[in-house]
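For the sequence shown, the residue numbers in my numbering are -8 to 406.
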Amino acid sequence: MVASVGCYIKSCQRKVHFPSYCKDHSPTQSLPVSASVNEPMSCSVCLDPIEPVLSYSILKCPACHGSWFHRDCVQNQAHSAAMFFFRCTLCNNKDMFQQEMLRMGVHIPERDASWELEENAYGELLQVYQHCDAKKCLSHNGRTCSSRTGWFQILRCALCGSSGTHRKCASLKLDETNWACEDCAAAVDGTASLARHTDSPQPGGQRRSRSSKRSLTLTPRQSPIVCKRPFLLGGSAREILQELASQTSQHQLSMPVVVNGNKVLEAAMELVKRSDFNPSHALAVRFTSSKHNSSPDTCPGNTRHFLRLLVQQLQNTVFEGPDGAKTLTLNARVGRCATSLEDVLIFATSADVVPAVGFRPSPTLSFLHPLDPAGAFPMSQPSSNRLLLPVVPSYQAFKKHMEYAVCQLTVLQSI
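(1) Helix, strand or coil for A273, going by three-state DSSP, please let me know.
(2) Starting from the C-beta of C407, find all residues in its chain whose C-beta is less than 6 Å away, skip the five residues before and the five after it, and write them out in chain order.
(3) Can you give the Cα-Cα distance for Y395 and S271, rounded to whole angstroms?
(4) Measuring straight from C-alpha to C-alpha, what distance separates P221 and V179?
(5) Distance check for P53 and D103, CA to CA, integer angstroms please.
(6) Answer with buried or exposed for H131, where buried requires no fewer than 16 other C-beta atoms within 10 angstroms of its C-beta.
(7) Going by C-alpha to C-alpha distance, which of W170, L380 and P40 sits closest to M370?
(8) In angstroms, rounded to a whole number, what distance separates the CA positions of Q121 and Q144?
(9) Are the beta-carbon atoms of H56 and L22 separated by less than 8 Å?
(10) State whether the region 79 to 98 contacts the region 32 to 51, with contact taken as three or more CB pairs (one from each stretch) at a distance under 8 Å.
(11) For T355, which of helix, strand or coil comes out of DSSP?
(12) Comparing alpha-carbon positions, which option in I41, P354 and L274 lies nearest V335?
(13) Look up F368 in the DSSP assignment and say whether it is helix, strand or coil.
(14) L256 and L301 look like a contact to me (Cβ under 8 Å); what is the Cβ gap, rounded to whole Å?
(15) Quick one: residues in its chain with C-beta nearer than 8 Å to the C-beta of S286, no 5 flanking neighbours on either side, listed in chain order?
(16) Among P373, L378 and F368, which one has its Cα closest to the Cα of P384?
(17) Measure the C-alpha to C-alpha separation of D363 and R299 and round it to an integer number of angstroms.
(18) Name the two residues that bound the continuous beta strand (DSSP E) containing W59.
(19) Is it the case that the Cβ atoms of L50 and M95 are separated by a distance below 8 Å?
(20) Fully enclosed by the region 43 to 103, which alpha helix (DSSP H) runs are 4 residues long or longer?
(21) Since G155 and L146 are thought to touch, with beta carbons under 8 Å apart, how far apart are those beta carbons, to the nearest angstrom?
(22) My output table needs one value for P247: the three-state DSSP class, helix, strand or coil.
(23) Could you check how far apart the C-beta atoms of A149 and A176 are, in whole angstroms? I think they sit under 8 Å.
(24) Please report the residue range of the alpha helix (DSSP H) in which T340 lies.
(25) Just how far apart, CA to CA, sit P100 and S153?
(26) Rounded to whole angstroms, what's the CA-CA distance from W59 to Q90? Just pull it up for me.
(27) Name the two residues that bound the continuous beta strand (DSSP E) containing L146.
(28) Just verifying my parser: in three-state terms, what is the DSSP assignment at K6?
(29) Look up M32 in the DSSP assignment and give the residues it is bridged to.
(30) My output table needs one value for F310: the three-state DSSP class, helix, strand or coil.
(31) Put V382 into one of helix, strand or coil per three-state DSSP.
(32) So, are the CB atoms of V7 and V24 less than 8 Å apart?
(33) Can you tell me whether DSSP reads H360 as helix, strand or coil?
(34) Using a threshold of 8 Å, state whether the C-beta atoms of L274 and F310 are closer than that.
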């Protein structure tokens, strides 16, 4: 059979059997100057040694330039992974990798991956653990035999599912269905230890059985949260609080809070606005009034007094309602910064909505001279719908001055 199809390059006179490039004009890859090749190299698919010289049989990833392949290996990977899962085995790039491999003549089937097409490919996921792990199995039919109901029904651990026991071997009642293995029960009780995994006889000649009876109803003493500090359970309330205070105060970062007089709410708002604010850090409160000047920054009394005053001011300003009422009204405008477009619109034009026919005259924007002493804050001329903005060195300063100007107007309008 004589080849009748010309090379993809029109000026080339070579003939091939299928639409393709000839040997001289086939696409090639190049290695960037900045990319360094550290020998020895290995194929990223078969892991066999590979010579890092680009050729027809040696390809590389265009994204990371560090993953090299045999052409046969990357073709086999493409046949297995197909279009939806075919990607670089090193950098996990998909789009650039597939485009480059298609350009280099690697066929990528447009179908699902081969492991997705196998019949019962995930059948093992439907299998459940079916084995009695008791020290002494009482079943005459063996540890793997399980009846549908009754004493010799295998119950799996309700926490891990990877351990089981016959109901008879664990001395469980016929109506009990919840059981936990020894490892999971020890983890829940807070008595698990990574250093001890051998079964040792217990006092009195009794051996702790893996299939010992365990109840999954967690009492407060069995709670995982409480059991992280099991030595606190036997102490008094004062000892527990002292131990908790020492645990939380060790190596804990603190955030300084300076309160000017009784302006506790303002200090709290400035605190939460800080970019480095972290609610998990402790507070180092310092009052500038003479009443609290003698207290150090980290004095717990300052923090307690600060939080007590903050709660009082929140109740008096943020929430509205009679004393003793169970339902209070939230005043959302307390402490609100005027950063919305509606507030800026009111500041510039004295109108809270845009008229249907538009503004007359049209709104204009001007800038104040930076050397003008009065030009540090925004100004407005509502009669001409004109907004005058200051020229400041940073956005934070501009935002602060803008909020101050609009807030002042809001306060004056409310008087």
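Even for Gly, the Cβ is constructed at its ideal location relative to N, Cα and C.
Here's the rundown:
(1) strand
(2) Coverage of the chain is limited to positions -8 through 406, which leaves residue 407 absent and any answer about it impossible.
(3) 31 Å
(4) Note on P221: pLDDT 46, under 50, position unreliable in the model; the coordinate value appears next. Computed Cα separation, rounded: 12 Å.
(5) 24 Å
(6) exposed
(7) L380
(8) 10 Å
(9) yes
(10) yes
(11) strand
(12) P354
(13) coil
(14) Cβ-Cβ separation between L256 and L301: approximately 7 Å, consistent with a contact (criterion under 8 Å).
(15) Residue confidence is low: S286 scores 48 on pLDDT, short of 50, so the model does not pin down where it sits. No coordinate-derived value is stated.
(16) F368
(17) 45 Å
(18) W59 to H61
(19) The beta carbons of L50 and M95 sit closer together than 8 Å.
(20) Every unbroken stretch of the alpha helix (DSSP H) spanning 4 or more residues and falling wholly within the region 43 to 103 is given here in chain order: 62 to 76 and 86 to 94.
(21) 6 Å
(22) strand
(23) Contact doesn't hold; Cβ gap of about 10 Å is too wide.
(24) Note, T340: alpha helix (DSSP H), L332 to T340.
(25) 39 Å
(26) 16 Å
(27) I145 to R147
(28) strand
(29) Residue pairing by DSSP places M32 opposite I41 in a beta bridge.
(30) F310: strand per DSSP, three-state reduction.
(31) If DSSP states are grouped into helix, strand and coil, V382 belongs with coil.
(32) no
(33) coil
(34) no
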